[in-house]
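Residue numbers (my numbering), protein chains in the order written: chain A, -8 to 313; chain B, -8 to 313.
Take a look at the structure set out below.
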C-alpha cells in the first residue's frame, strides 16, 4: 500500500521495532514463543508503531526513547487480533494461518493475554504512571468495543452511531493513543499532546471507514483476505448502513444482512446492492471529512517540517478514489 | 473453612471490598456488566484481598488506602478464572459450532479481558509506576503458568519441578504479590516488603499443595466440587507424582493417568492407588515445610501484634490432618 512510503522518515526505527518485537517475546515456554513469533512474522502494516515514532519525532529529534513504546503498542494490537481470531473462527488472517487454527483456542487466549501483559511490562519500564494509566484505560475501552461489535453482528437495526462507536474502539482509539504516547515520551506540552492525539483519533476513524470500503471493492490479493469478509461475518459497515436506507432493494438487503446464511451464500449479491446504492460514495465522503478534521488539528501545532508527514498521511485518504 | 475467621481483623474492609467489586464493573455494556456481576456473586474465599489488607495493616493501622488494591487483586484472580473456563471448541469441529456456544466463549474472553483491564485501571489510580510494574510482570508469569499447566495435562513424564512451577504460577505468585502490594501501599521499607512477599509465596505454595490433597481426600460437600476433579481433568498433582514412583501399582497408575478415558472412568481406582502409596503423607509433609518457611520470613519483621495473624494462617496449614 502506498502509505508505507509515508513512514520512510522513521524507517530505521521501524526496523528496530521489528527486531524488538521478536526479542520482547522472550519466554522459554516453547508453545508461547512459537505462537507469538508466528504472529509477528505474519506481519502487518505496523501502523501503530509508525504513529508512535512520528508523533515522538514532532517533539524530539532523537526518538530512541519512543522505540519500546512503539513495540508495546504493536503488541497490544496483536493481542486483540489473537483474541479476535478465537472468536471469529477465522481460519486465515493476512494469508497465514491464525494462532487458533495452528494451536487451538486455549493457546490463543493465553498467547493473547501473554502478549498484552508483555506490552504492559514494556511500558512499565518507563517508570511513568501516566503512560500506564493511558494503557489501562484504553484497554478497558477496547474490551467494551469488542463486546459492542459482537452484539452488533447481523443486527440490521443498529444505526450510524453504533457503527462509529465500533470503529472508534476498534481502530481510532489505538491510533489516537499511539500518537498521544509518542508525544508523551518526547515530553510534549499537554496542549500539543492533545492535538496530536485528536489527529490520531480522526485519522483512525478515516482509516477504518476506508478499510470498510475496501473490504467491499478491493481485490482479494490487495486485501490479503476474501472480498466481502465483513459481510460474511455479519459485520455491518457504513456503506451497508447507507444502502439499507437508500437502496432500491433495501427490503431485500435488510433481510439478507440479518441472515447468517445469506451473508455467507449471497455475498456477491449483497455487495452489488450496496455498491449500486451510492453507499461507497457516502462512506468515501465520511472518510474524507474525518481526514480533514485530522488535518485541522495539525494547524494548532508548531510549524515544523516534521509535521508534513501527518498532512501527507491524511492526504492519502483524501486523494483516494474507488 | 476455619481460616475465614483468621480474616476477622479486616472484616470491615473486606465488606467494603465486596461492595467495591460490584461498583468497579461500572460499564454500561449490559452483557459485560451481567457477566461480571454474576462472577462476583459466585463468591470465593477472597484470599487475595485479605492478604492485601493484612499485609497493609502490618505497616499502617489505617488501611483505607489498601482497599482499591485489594479489589484489583481479586479482579485479576477473577479474570484468570473466566479465561480458564473457556473451553476448546475442537470437539465441536465436526458439526458447526452453535451460535450460542460461540457467544458463550466470546463473552468469557472479553469479560476476562475487561475485568483484567479494569484491575489495571484501578491500580493506575495510585499514580505509582512501581505498583503497575509488579502487576504487569506478574501477569506475564501467570500467563506462562497457564500454558505450562495446559501442556502438562495427562503427561506422566513431568516431574516435581514442573508441578512446583505450575502451582507457583497458579497460586503462590498472586498471594505473594497481594502481600507485596499491600505492604507497598502502606509504604513499608523495601526489606520488609520482601519478607512479607516471600511469606506470601511460601504460604501460597503450602495452600495449593493442601488444596491438591483435599481434591483427593475431602468430601464433595466440603470441596464444593466432586472429589478427584484434578484427576478427571488430567491435572497431575504432588500425591499422584509421588505415587507414580512409589506405589506398588505404579505401572497401572502411570497408564491410567496418561489416559483421559481412564482418568474419567476409573477415578476412584486411581485415587485408591494414590492414597495407598503414602502420596498424601508426602504432600502433607511438603505443605508443612512450606508453611514453616513462610513463618521463618515473619521472624525478620518487627515484633508487632499485627504479625500474629500471619503465624496463625500458617499454623492452620501446620495443624491440618488428613
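Here a beta-carbon is modelled for each residue, glycine too, at the ideal position from N, C-alpha and C.
A quick note: this is a predicted structure, and the numbers were derived from the prediction, not measured.
What does the Cβ neighbour count give for residue i, buried or exposed, with the cut at 16 atoms within 10 Å?
| i | result |
| --- | --- |
| residue 27(B) | buried |
| residue 191(A) | buried |
| residue 255(B) | exposed |
| residue 96(B) | buried |
| residue 282(B) | buried |
| residue 144(B) | exposed |
| residue 247(B) | buried |
| residue 182(B) | exposed |
| residue 213(A) | exposed |
| residue 104(A) | buried |
| residue -4(B) | exposed |
| residue 305(B) | buried |
| residue 259(B) | exposed |
| residue 32(B) | exposed |
| residue 112(B) | buried |
| residue 75(A) | buried |
For the ligand ATP, is there a heavy atom less than 7 Å away from the beta-carbon of residue i?
| i | result |
| --- | --- |
| residue 170(A) | With respect to small molecules bound, the structure shown includes none, and the ligand ATP cannot be examined in it. |
In this structure, does DSSP put residue i in helix, strand or coil?
| i | result |
| --- | --- |
| residue 173(A) | helix |
| residue 253(B) | helix |
| residue 190(B) | helix |
| residue 33(A) | coil |
| residue 270(B) | helix |
| residue 18(B) | coil |
| residue 53(B) | coil |
| residue 48(A) | helix |
| residue 307(B) | helix |
| residue 71(A) | helix |
| residue 319(B) | Limits of chain B in this structure are -8 at one end and 313 at the other, which puts residue 319(B) out of reach. |
| residue 195(B) | helix |
| residue 59(B) | helix |
| residue 292(B) | coil |
| residue 185(B) | helix |
| residue 149(B) | coil |
| residue 104(A) | helix |
| residue 179(A) | coil |
| residue 276(A) | helix |
| residue -8(B) | The predicted model places residue -8(B) with a pLDDT of 45, which falls under 50 and marks its position as unreliable; any figure quoted below should be read in that light. The answer is coil: DSSP assigns residue -8(B) none of H, G, I, E or B. |
| residue 203(A) | helix |
| residue 240(A) | coil |
What separation, rounded to the nearest whole angstrom, lies between the Cα atoms of residue i and residue j?
| i | j | result |
| --- | --- | --- |
| residue 19(B) | residue 226(A) | 22 Å |
| residue 270(A) | residue 230(A) | 4 Å |
| residue 200(A) | residue 62(B) | 39 Å |
| residue 16(B) | residue 127(A) | 14 Å |
| residue 34(A) | residue 14(A) | 15 Å |
| residue 100(A) | residue 73(A) | 7 Å |
| residue 102(B) | residue 288(A) | 35 Å |
| residue 23(B) | residue 98(B) | 7 Å |
| residue 146(A) | residue 134(A) | 20 Å |
| residue 276(A) | residue 238(A) | 17 Å |
| residue 4(B) | residue 223(B) | 38 Å |
| residue 150(A) | residue 311(A) | 26 Å |
| residue 232(A) | residue 244(A) | 10 Å |
| residue 207(A) | residue 219(A) | 5 Å |
| residue 251(B) | residue 234(B) | 18 Å |
| residue 171(A) | residue 29(A) | 29 Å |
| residue 236(A) | residue 253(A) | 19 Å |
| residue 52(A) | residue 8(A) | 17 Å |
Under 8 Å between the Cβ atoms of residue i and residue j?
| i | j | result |
| --- | --- | --- |
| residue 164(B) | residue 189(B) | no |
| residue 285(A) | residue 194(A) | yes |
| residue 45(B) | residue 301(B) | yes |
| residue 50(B) | residue 178(B) | yes |
| residue 125(A) | residue 168(A) | yes |
| residue 130(B) | residue 108(A) | yes |
| residue 313(B) | residue 204(B) | yes |
| residue 110(A) | residue 123(B) | no |
| residue 187(A) | residue 292(A) | yes |
| residue 197(A) | residue 184(A) | no |
| residue 64(B) | residue 106(B) | no |
Counting contacts by CB-CB distance shorter than 8 Å, is residue i in contact with chain E?
| i | result |
| --- | --- |
| residue 163(A) | Among the chains of the structure shown, chain E does not appear; the protein chains present are A and B. |
Requested in this report: Take every Cβ of the segment 43 to 56 of chain A, pair it with every Cβ of the segment 121 to 138 of chain A, and state whether three or more of those distances are shorter than 8 Å.
Outcome: no
Query raised in the report: At a cut of 8 Å, does the segment 38 to 46 of chain A reach the segment 151 to 163 of chain B through at least three beta carbon pairs?
Result: no
Query raised in the report: When the Cβ atoms of the segment 294 to 308 of chain B are set against those of the segment 251 to 268 of chain B, are three or more pairs found closer than 8 Å?
Result: no
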